[in-house]
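Residue numbers (my numbering): 4 to 186. The structure under discussion appears below in the form of structure tokens.
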Amino acid sequence: MPDWQHSEDSELIRIAQEGESEAFGELYQRYAQIIFRFIYANLNNRLDAEDLTEEVFLRAWRSLSKYRQKGVPFLAYLFKIARNVLIDFYRRAGRSGGHMSIEEKQITDFNPDPGETAILNIEHQEVRQTLTQLREDYRTVLVLRFLSGLSPQETGQVMGRTPGAVRILQHRALSALRSLLEI
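What follows is the structure, encoded as structure tokens:
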């Protein structure tokens, strides 16, 4: 069994596209927790988040032959799939008459640097509730940066923005979050 831990994503993708499922397994090991945290932050339901995380990777595996990097990291590709999986989940829940809270209906994104961890601890219920009051793009930038640990460049690739625009959006989102927490 090859040791894939030190391989670049692009190499693992190429090998997985050739049919080597173990290479895709390494990609799963690298990114499953990040995708899970993103989905869980949007659902606040562990079982559904686990199921949807598996769905993201199943879709990624099925469409891997079509994936072409072209400057878009694999993680950004996974986040796009995750957003689509969440949208599908909400559509199904809406059609089935399932009751969803405001928190469940809003797709979020969140992650703090060490200096902001205390104020942005998503495990804290007050902060979770407050996050649901933020605009979607504010929630998204916070989840991607602080919960998922993406860089401004990676966040920009996921959100379709420049790294500078991500930093500005992050600053505004943190200001809005602080304002809501002070009330």
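Glycine included, C-beta positions come from ideal geometry on N, C-alpha and C.
Contact belief for residue i with residue j at Cβ below 8 Å, rounded distance in angstroms
i    : j    : result
E157 : A79  : 7 Å
M162 : V146 : Not confirmed; about 11 Å, so no contact.
F191 : F82  : There is no way to answer for residue 191, as the model of the chain reaches only from 4 to 186.
Y141 : R175 : 7 Å
F60  : D12  : Contact flag wrong, Cβ pair sits at about 14 Å.
S10  : E29  : 7 Å
Neighbourhood of residue i by C-beta distance below 8 Å, restricted to the same chain and skipping five residues each side
i    : result
Y43  : R49, A52
L67  : I16, A19, Q20, F27
L183 : T133, Q136, L137
Burial state of residue i (16 or more Cβ within 10 Å)
i    : result
T165 : exposed
R95  : exposed
Q32  : exposed
N45  : buried
I16  : buried
L89  : buried
P155 : buried
Start-to-end residues for the alpha helix (DSSP H) that takes in residue i
i    : result
Y141 : 139 to 145
T56  : 49 to 65
H174 : 166 to 185
E29  : 24 to 46
S13  : 12 to 20
V161 : 155 to 162
Contact set for residue i: own chain, Cβ-Cβ below 7 Å, skip 5 residues either direction
i   : result
I18 : A26
V75 : Q160
Own chain residues within Cβ distance below 6 Å of residue i, not counting five before or after
i    : result
R62  : I84
E119 : Residue placement at E119 cannot be trusted, given a pLDDT of 44 that sits under 50; the coordinates are not used to answer.
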